[in-house]
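Chain order of the listed sequences is R and X. Every letter in the first sequence is one number past the one before it in the numbering used here, and letter 130, counting from 1, is 153. Every letter in the second sequence is one number past the one before it in the numbering used here, and letter 304, counting from 1, is 286. One structure below.
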Amino acid sequence: MTALPQLLISTVLLGGIYALIAVGLTLIFGIMRVVNFAHGEFLMLGMYLAFWSFTWWGVDPYFILVVAVPLFFAIGLGVYALVMRGVIHASHNVQIFTTVGLSTALQNVALVLWTGDFRFVRPWESSVVVRILGAAFNLSQVIAFAVALLFTLALFAFMKWTHAGRVMRATAQDGEAATLMGINTDRVYRLAFAIGIACVGVAGVLVSPLYSVYPTAGLQFVLLAYVVVVLGGLGDMVGALLGALIVAGVEVIGSYVFGSAWKEVIYFVLFIAVLVFRPAGLFGQRGAEALGV
Amino acid sequence: MRRRSIVLSALVSLLGFSLLSLAFVSWSEGQATQGEYKIGVLEPLTGPLAFEGKRHIDGYEVMRDLINAQGGVMGKKLVFVVGDATDPTAAASEANRLITREGVKIITGTYSSTLCGAASEAASRQNVIYWESSCVDPRFNKRGLKNVFRTEIDATGFGWYNIEFIAKHLAPRFNLAPNQIKVAFLAEDSSYGQGVTESARQRAKADFGMQEVALEYYAFASTNDFSPIIAKFKQLNPDVVHHIARGNDAVLFWRQSREQNFMFKALIHAGATGYGSIDFGKALGADGNGPFVLAEPSAGLRLEAFRPEARKLETDFSEAIKKRTGDEPLASHRLAGSGLWLLKVVLDQSKTDDLDKFRAAVLAIDMPVGSMLNGWGVKFGENGQNANERVQHYMLQWQNGKMNTVWPEEFTTLRAKWIPLGPWDQRK
């Protein structure tokens, strides 16, 4: 099968991008118990940051990462203080309406400010084609994958081995008990939201040389990110990476074998099956969904 | 006493002058209001389709100003009330708002095949005329709605033209008979993509016996990687890729085909989106050289092939668009402009928006190809569709960041290049 190397490498590279988008979402959901429907719009803002930096100053998107991380972290803090803090203890319905409203507002702010036109970022590396074992791909894809992997592993290490990470996991497991132990849960939620938004902002910068930049660009990825999060287990970083590889595999290999029209059927059937038979996710501990692990 | 009478006279004169001025102002305003004719314009101005919706609005507004400079419609100044048709639900509710709150009797729009069905259904329920200028969904005029009209070709016309071009123009240059040509069909899965593709497939097989080697539909909004499709197509080795794209998917497919060195002899698209959008050229520049796009005319158009009245309209419209946007008219501008101009022609003849009289005027118009903006002709069928063979379409080709008109050759000064397409790095 001469196409196999191409299919496998495409799966891995696409999976890396999906993982970075999903990892912020799973962090926010795992700790705050909020499904952030505006996640895709922060991705879009990251893409616009890369576009304008490249257009105005000719700065390569990968250098912009240095700015994107603190900038989106600060945006996350701001949005938490202004919007999310007020609904963190509200019902899921209120949280859903709030984040959907935020999503629509951000889309339309982008539309008003930058119009609905497609924009493109074309740094030199996006024209470089890498060929290995008969497979061909874009250098931008490789860089996006490498940085995505780095961020996911760094986040995993942060959650596993730092004090702040342990505090966040404790809050995720039981918010009330964490409060009784003297943990300032409001600070934990704020930190989790800011890190989640920083991750997706970075993802936006990374995908900007690969896809068009426009106000609803985030919608193209965010639905897949929800599937990834459910497959990987809510709040599970490594699960998100593996879930992303599964979704990318279904998309690439499923399209090749069964045709593109079937790919969404396949991964949404998988999505439903996981929710029904293994609600903690393919890689989560059984029963963890009730505890929030 | 005399001074008093002078003051009194002055006051009376002042009062009289003021009253006269007031009366004149009210008369002028009343005349302007009575002299306006309002129609509803529905386009997606927010959401994922807004990028094209706004271009259509530009086309409508430029043509409205040209129409008003020539006496308006039915002797009245044409004015718009605009609705935002973000999605099918909004299209229907905005149509209702324009009808019930703004009191319009005619709605035009919506460009997208995703929206035109819902908007026209809503207009139909209130017996309001729906005048579609761009959507190509083949089902649009098959619902038996007497109030619904479409000036643009439908998707079956797109498919017809594309196969005509492959069989008559490309096949001889490939040194192949039409029935030797292998076609891979690829399309986004909306009614637009499916409508064009299915009609093209049918004609390719029935009229020319072309060999269909693949058929792939995909969801354009969630397809982030074409490498599996390209890998499959590479093994099937098609001569022609018939790709109906919607937006970013055109850029992605072309870029990945280049990276994977997928060689084919030609790629054909139809419509103002995907390869037909100016965004394709912006994204790829000279790397995008080669694809053919069936659309409204662009650079290279020979105005001498048009009738005299159409030449002036074409020149005025192009100049006005250039003044507004700084560039040549795009297909979106042209579709909106030609649709609105034809509406003026009908209203000037019917002299009313009464549905029966309006419909009779629509059906009575008979203009040969070359009579209108874009070189279109006009002959509506009972189903409210302008005849596909009168809606003259053109094959454009991306050449160094520009879409040039290359076919039919009697309508253009420019010629198609790279037939068949050579290696990716030699298409300069």
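Ideal Cβ placement from N, Cα and C applies to all residues, glycine included.
- Task: Below 8 Å CB to CB, which residues in the same chain sit around X/Glu34 once its five sequence neighbours on both sides are set aside?
- Result: Cβ within range, chain order: Pro26, Tyr93, Ser94, Ala254, Thr255, Ser259 and Ser314.
- Task: Using only alpha-carbon positions, find the residue among X/Val344, X/Asn368 and X/Phe340 that is nearest to X/Val351.
- Result: X/Asn368
- Mapping DSSP to helix, strand and coil, what is X/Asp189? For X/Asp189, the three-state secondary structure derived from DSSP is helix.
- By the 10 Å Cβ neighbour count, where 16 or more other Cβ atoms means buried, how is R/Ala303 classified, buried or exposed? Under the 10 Å beta carbon count, R/Ala303 is surrounded by 16 or more other beta carbons and is classified as buried.
- Task: With R/Asp209 as the anchor, note down where its alpha helix (DSSP H) starts and where it stops.
- Result: That run of the alpha helix (DSSP H) goes Thr208 to Val230.
- Could you tell me the distance, in whole angstroms, from the CA atom of X/Leu234 to the CA atom of X/Tyr143? 25 Å
- Message: Taking the beta carbon of R/Val292 as the centre, do at least 16 other beta carbons fall within 10 Å, making it buried, or is it exposed?
- Response: exposed
- Task: Would you list, in chain order, the members of the stretch 32 to 59 of chain X that have their beta-carbon closer than 7 Å to a beta-carbon of chain R?
- Result: Ala32, Phe33 and Lys36
- Any chain X beta carbon closer than 8 Å to R/Thr194: Closer than 8 Å to the CB of R/Thr194 there is not a single CB belonging to chain X.
- Task: Compare the C-beta of X/Val223 with all C-beta atoms of chain R and state if any pair is closer than 8 Å.
- Result: By this cut-off, X/Val223 is not an interface position.
- Leaving out five residues on either side along the sequence, give the residues of the same chain with a beta carbon under 6 Å from the beta carbon of X/Gly99. none
- Under 7 Å by beta carbon: chain R residues contacting X/Ile226: What X/Ile226 touches in chain R: nothing, since even the nearest Cβ is about 13 Å away.
- Message: In the DSSP assignment, the alpha helix (DSSP H) including X/Phe340 goes from what residue to what residue?
- Response: Leu337 to Ala346
- Kindly list, in the order they appear in chain R, the residues whose Cβ is closer than 7 Å to that of X/Val233. Ser235, listed in chain order.
- Message: Please list, in chain order, the chain X residues whose beta carbon lies closer than 8 Å to that of R/Thr239.
- Response: Contact note: R/Thr239 reaches chain X through Gly29 and Pro30, using a C-beta cutoff of 8 Å and chain order.
- Just the Cα atoms here: how many angstroms apart are R/Val288 and X/Ser204? 13 Å
- Task: My understanding is that X/Met385 touches X/Leu276, with C-beta atoms under 8 Å, so please give their C-beta distance in whole angstroms.
- Result: With 8 Å as the limit, X/Met385 and X/Leu276 do not qualify as a contact, their Cβ atoms being about 11 Å apart.
- Item | Own chain residues within Cβ distance below 8 Å of X/Phe262, not counting five before or after | Ala232, Val233, Trp236, Gly256, Gly270, Pro273 and Trp380
- Message: Tell me the residue span of the beta strand (DSSP E) that contains X/Gly65.
- Response: Lys59 to Asp66
- Message: Using CA atoms only, rank isn't needed, just tell me which of R/Ile40, R/Phe52 and R/Leu36 is closest to R/Ala215.
- Response: R/Phe52
- Message: Would R/Tyr279 and X/Pro210 be called neighbours here (beta carbons separated by less than 8 Å)?
- Response: yes
- For R/Leu125 and X/Ala287, the rounded distance between their alpha carbons: 53 Å
- Item | Of the residues R/Gln130, R/Val153, R/Gly63 and R/Thr239, the one placed nearest R/Gly219, counting alpha carbons only | R/Gly63
- Item | the stretch 157 to 168 of chain X touching the stretch 216 to 229 of chain X, judged by at least three CB pairs closer than 8 Å | yes
- Message: At 4 residues or longer, what runs of the alpha helix (DSSP H) sit wholly inside the stretch 235 to 265 of chain R?
- Response: 242 to 255
- Message: With H, G and I counted as helix, E and B as strand and the rest as coil, what does DSSP make of X/Glu84?
- Response: coil
- In the DSSP assignment, what are the bridge partners of R/Met55? Answer by DSSP bridge pairing: none, since R/Met55 is not bridged.
- Query: Does the separation of the CB atoms of X/Arg46 and X/Leu312 fall below 8 Å?
  - Reply: no
- Counting Cβ pairs, one atom from each stretch, are 3 or more of them under 8 Å apart for the stretch 128 to 135 of chain X and the stretch 104 to 117 of chain X? yes
- Item | Residues near R/Leu66 in its chain [Cβ-Cβ closer than 8 Å; skip 5 each side] | Ile44, Val223, Gly224, Ala226, Gly227, Val230, Ala240, Gly241, Phe244 and Val245
- Please check if any C-beta of chain X sits within less than 8 Å of the C-beta of R/Tyr249. no
- Task: State the Cα-Cα distance for the pair X/Leu285 and X/Arg293, rounded to the nearest angstrom.
- Result: If you take the alpha carbons of X/Leu285 and X/Arg293, they lie about 6 Å apart.
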